[in-house]
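J.: Our numbering applies: residue 764 is where the sequence shown begins, and numbers increase by one.
After the structure tokens below, expect a handful of questions from me.
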Amino acid sequence: MTSQLTGVLQAVQSFVAKGYDREYRVKDGNLVDLELRSTLDPCAIRVDAALRLESGDDGEDASNIYAITDPATGHKGLLIDAFDVFDEICHRDLSERLVANRETASAGDQNVPSKHGLRKVLKKEFDHDPYRYVLREGFPDFPACPFGGDFSMLGFDTAEQSYVWLVTSIIRDPRLIRIPYQGEGVISDE
Numbered sequence: 764m765t766s767q768l769t770g771v772l773q774a775v776q777s778f779v780a781k782g783y784d785r786e787y788r789v790k791d792g793n794l795v796d797l798e799l800r801s802t803l804d805p806c807a808i809r810v811d812a813a814l815r816l817e818s819g820d821d822g823e824d825a826s827n828i829y830a831i832t833d834p835a836t837g838h839k840g841l842l843i844d845a846f847d848v849f850d851e852i853c854h855r856d857l858s859e860r861l862v863a864n865r866e867t868a869s870a871g872d873q874n875v876p877s878k879h880g881l882r883k884v885l886k887k888e889f890d891h892d893p894y895r896y897v898l899r900e901g902f903p904d905f906p907a908c909p910f911g912g913d914f915s916m917l918g919f920d921t922a923e924q925s926y927v928w929l930v931t932s933i934i935r936d937p938r939l940i941r942i943p944y945q946g947e948g949v950i951s952d953e
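Shown next as structure tokens:
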């Protein structure tokens with residue numbers, strides 16, 4: 764088990780022990796309580812803690828954990844941004860609330876070749892052959908997520924035909940091809 768995985772899992776376990784037992788997700792730019800299937804008002808939520816875990820040169824890879832209370836229901840839960848992309852996919856008012864008081868810590872996995880059980884691809888490797896890797900979104904064959912939920916997207920190595928962990932700087936690279944799942948029977952050109 765990598766130190767990054769241990770650090771993120773320890774943080775999640777710590778929050779769960781404090782009562783943050785709901786799972787929140789971002790869907791269509793909005794914060795959603797998965798159990799209730801309801802959208803939370805970003806102006807009403809309370810972000811009790813926000814932690815950014817960085818690794819690599821200049822924070823080349825990062826994950827974020829947000830402990831959130833919904834005052835309307837009293838529910839407390841976690842929003843896990845394993846790919847550091849919520850600032851790009853959230854509506855602005857939600858993104859601003861999430862990052863307002865975020866603390867940053869080192870994940871300590873700079874020299875670890877894997878993350879969450881997947882081979883980690885660094886920016887230098889991607890730059891050598893950027894069209895070898897794609898970002899799959901919503902595929903049903905994703906491996907299990909160590910946080911208990913499901914991955915919403917994962918890197919895919921088209922040469923090895925296997926899922927990989929793409930560091931944040933790759934996910935933000937405009938050369939990365941994104942492939943949304945389109946259902947069974949759709950042939951892709953990978």
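Backbone N, C-alpha and C fix where the C-beta goes; we use that ideal spot for every residue, glycine too.
1. Give every residue of the same chain whose Cβ lies closer than 6 Å to the Cβ of residue 811, excluding the five residues on either side of it in the sequence, and list them in chain order.
2. Hey, residue 938 and residue 893 are a contact pair by Cβ (cut 8 Å); roughly how many whole angstroms apart?
3. Going by the beta-carbon positions, is the gap between residue 788 and residue 779 smaller than 7 Å?
4. For residue 866, list the residues DSSP reports as bridge partners.
5. When DSSP labels each residue in this structure, what does residue 889 get in the three-state scheme?
6. I think residue 814 touches residue 866, with their Cβ atoms under 8 Å apart; what is that distance to the nearest whole Å?
7. Please classify residue 890 as buried or exposed, where buried requires at least 16 neighbouring CB atoms within 10 angstroms.
8. Express the C-alpha separation of residue 930 and residue 839 in angstroms, rounding to a whole number.
9. Name the DSSP bridge partner or partners of residue 881?
T.: Quick look at the numbers:
1. If we look at residue 811 and ignore the five residues flanking it on each side, its Cβ neighbours are 830, 832.
2. The C-beta distance from residue 938 to residue 893 rounds to 4 Å, short enough to fall under 8 Å.
3. Their beta carbons are not under 7 Å apart, which means residue 788 does not touch residue 779 by this criterion.
4. DSSP, once it has assigned bridges, lists 814 as partnering residue 866.
5. Residue 889 falls in the helix class under three-state DSSP.
6. About 6 Å; that satisfies the 8 Å criterion.
7. Label assigned to residue 890: exposed.
8. So the alpha carbons of these two residues sit roughly 29 Å apart.
9. Partner(s): 878.
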